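The block underneath contains the structure these notes are about, expressed in structure tokens.
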Amino acid sequence: MPQRHTTGKRSHGWMGIQRGHRARPLEWLAEKFIFAVSLSTILVVLLIFLFVAREAAPLLFGRMNSAAVQEVIPVGEFDKLSPAQLQQYLGLTPSELAAMDRATLQSLMEVKVEALNEIPAAFRGDPDAHLNTTQWRYLLGPHQWTDYAKPEFIWQPVGQIKKYNIIPLLVGSLKTTLVGLLFAVPLAVGAAIYVSQLARPRVREVVKPTIEMLSGIPSVVVGFFALLVMATVLQSLFGYQTRLNAFVAGIALGFAVIPVVFSIAEDALTSVPQAYTQAALALGSSRWQAAWQIVLPAALPGVFAATVLGFGRAIGETMIVLMVCSASVMSWNIFDSARSITTTIAAEMAEAVSGGPHYRILFLLGAMLFAVTFVLNLIGDVVMHRLKLRLEGKR
Amino acid sequence: MKYHSSQPMKTLPVKSLVVAAILALTGSARADITVKGSDTLVILAQKWAEVYMGKHAGAKIQVTGGGTGTGFAALQNQTTDLCDASRKIKAKEIEACIKAFGKRPTEYKVAIDGLSVFVSADNPLKEISVPQLESIFTGKIRNWKEVGGPDAPITVYSRENSSGTYEFFKEHVLQGKDFAASAQTMPGTAAVLQAVAKDKHGIGYGGAAYGAGAKHLAVKADESSPAIEPTEENVVGQKYPIWRYLFIYVNPALDKGEVATYLKWIRSDEGQRIVKDVGYFPLPTLLREK
């Protein structure tokens, strides 16, 4: 049977032998090697996600207890405990238990008593000290803590009573991201329309790389600039009370988002066939009308995808927000401070007790962020792909 | 204000990271003693190591920062010999150490740190009491006129909750209560100082440090006590109300030979003299090694 070559798929055969011409084992090997490398990237991403999810898992299954005051068994009762009870009480694996001698186990029990004694007397009677604050209702819902006048969302992970409510962080991330998008998307899309439709070629050659060069500025530099210069300038312009707030962070984030949105939107607008514009111009429209009423609507899914990818970039950005603002206020007011998820992870991971509730919650936040950016990037890519197919008349 | 001049920005994390990075690059392949932990202590630890290595040819000490928690994690995993800590070890960390090497780590007090309270140089206020600080930092007092200052809202600057300073301030000044949610968290003492210098109505806290545009307040233990300046005499004599020990922890199995000699030297008169150069306060004579 004669071999058929279709444009879509070309069989190379084993070691390139059945290629029709000459055997090319080297090419074949190189191709397979590159394939393996690209596959490993996917594998690495998957492994990272699995690692993050595994670290957060005990929290998801409710196996963490962060109550300040916990049941304590006096060391004197060591002999009354069965090995199974001891293992559960001390949180050991069977092999760890087997490897430890009596003195070690007893000192572990002593530490539990010490942990209780570390808590100041004022807190031991506090009903909050008996709560397991890693439960979902404390993670997501408001709670009226002692000393607070009403139920509130509080992120105070360090202290006697650990308050792990993640809502202020979600609000903080969304608040800065939305300000960033509101600032960046109109500018970036406007620039994309100008560059792809209206600008003369010589202007385009200057403007396009200049905007794209923005993405080359390290975000820590943008953050530094925002912290020292923009914060002061914006405060004197708008006259708000808090100097470092979500508004400043959002505008600074905009600088990171503009190149992303610009280059994808520009790509989408350029891929609208010239015939569209030419037809519109032939029918008597101006260049502006053609760009605004013909090309932009045709490329709209691409602009949408650019916005979605810009959102993903903004919500995952760490340094800019970390440097500009970081108070975990539960407020949608953009002129208040904000603490983003990324800031929280970056700032707190180094000091969190490894394997403790705080550590697990940071990983939970990381997994959430990963999932959100992954889904957003997926949506963005799918929309762009469909748009390309549609404009090429394949669908 | 004598003690200020020696080391203006000792807790600046960037600086400590640079030191750590340089050390990691230039450090010999196998140091005899590795030290890891608190960023607050990293400059002091580095200075100790430098002077000690200068006096004892052949001794190799490698110092890195990363944070107190990171130091304890390394102590558990036995990837470091000494762990610098700006707070006491927690029960949870002792537990992890016992699980890892069967013993609780030995604790050594190595220096004293007095925390200053900073306000803008334009602020006419000269002194403040610990209960007033508690009310300001928990958000109960929101205007300077309530503590005898001008009629202006207070902007509160705090530290990241990963910092040992944050935790110490929360436990000892705020009596364990929560910081006001609106408190801005800054990445280091230098950042707090800089923010306070730029903000006429700001207040912040941190290790003894000095910066243009900001000044520190004299602190009263309560309304009726005298206001105390954070000078060496007052901090070491425990008259100044906000101070803490700085620690080094070591796996007792390793506390022998060169490591033990080094620890002893740190706590000797000679080692304690270096503490002053870096801007902290030396241990009282009672706690030193002979």
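Protein chains in written order, with my numbering: chain A, 1 to 395; chain B, 396 to 685.
Cβ coordinates follow ideal geometry from the N, Cα and C atoms, glycine included.
Predicted, not measured: the structure shown is a model, and the values here were computed from it.
Taking the Cα positions, A:T134 is about 29 Å away from A:I320.
Selection A:P357, A:A350, A:E31, A:L244 evaluated against A:R339 yields A:L244 as nearest (Cα-Cα). For A:W136, there is no enclosing beta strand (DSSP E); the enclosing alpha helix (DSSP H) covers residues 136-140. In the structure shown, the three-state DSSP call for B:N556 is coil. Going by C-alpha positions, B:G559 is about 8 Å away from B:S433.
For the pair A:R313 and A:V260, the CB atoms are nearer than the 8 Å cut-off. Boundaries of the alpha helix (DSSP H) harbouring B:C492: 486-496, taken from the DSSP string.
By DSSP's assignment, B:F676 forms a beta bridge with B:I507.
Taking the Cβ atoms as the reference, B:K487 lies roughly 6 Å from A:G356, within the contact range of under 8 Å.
Nearest CB-CB separation between B:S663 and chain A: not below the 8 Å threshold.
In the three-state DSSP reduction, B:E684 falls in the coil class, being neither helix nor strand.
Judged by DSSP secondary structure, B:E522 falls within the beta strand (DSSP E) whose first and last residues are 522-524. Bridge pairing for B:P548: B:N538 [DSSP]. Shown in chain order are the members of the segment 302-334 of chain A whose Cβ falls below 9 Å from a Cβ of chain B: L322, M323, C325, S326, A327, S328, V329, M330, S331.
If you compare the alpha carbons of B:T501, B:L470, B:L612, B:A575 with that of B:G544, the shortest gap goes to B:L612. The C-alpha of B:S557 is placed about 11 Å away from the C-alpha of B:G461. Annotation for A:E152: P142 place their beta carbon closer than 6 Å to its own, counting only its chain and skipping 5 residues before and after. Burial check for A:Y138: the Cβ neighbour count within 10 Å reaches 16 or more, so the residue is buried.
One alpha carbon belongs to A:A199, the other to A:H385, and they sit about 26 Å apart.
Bounds of the alpha helix (DSSP H) holding B:V631 are 627-631. A distance below 8 Å separates the beta carbons of B:Y503 and B:I643.
Listed along chain A, the residues sitting closer than 7 Å to B:S557 by beta-carbon distance are A347, E348, A350, E351. Cα atoms of A:G254 and B:E665: separation of roughly 54 Å, rounded to the nearest angstrom. With 16 or more other CB atoms across the displayed protein chains lying within 10 angstroms of its CB, A:H358 is buried. DSSP, read as helix, strand or coil, puts A:E31 in helix. Using a 10 angstroms sphere on the CB of A:L322, the tally of other CB atoms reaches 16 or more, which defines it as buried. Residue burial annotation: A:N132 is exposed, with fewer than 16 other C-beta atoms found within 10 angstroms of its C-beta. For B:R537, the closest Cβ of chain A is not nearer than 8 Å.
In the three-state DSSP reduction, A:Y148 falls in the coil class, being neither helix nor strand. For A:G366, same chain residues with a beta-carbon under 6 Å away, outside a window of 5 residues either side, are V52, I345 in chain order.
A direct Cα-Cα distance of roughly 11 Å separates B:G652 from B:D427.
Residues of the segment 107-120 of chain A whose Cβ lies closer than 8 Å to any Cβ of chain B, in chain order: S107, L108, V111, K112, E114, A115, E118, P120. For A:I154, the residues of chain B that pass the 9 Å Cβ criterion are D573, A576, in the order they occur in the chain.
When the five nearest sequence neighbours on each side are left out, the beta carbons in the same chain lying within less than 6 Å of the beta carbon of A:S326 are those of R339, T343, in order along the chain.
Annotation: the segment 89-143 of chain A contains the following complete segments of the alpha helix (DSSP H) (minimum length 4 residues), in chain order: 94-99, 102-118, 121-124, 136-140. A direct Cα-Cα distance of roughly 6 Å separates B:A578 from B:S553.
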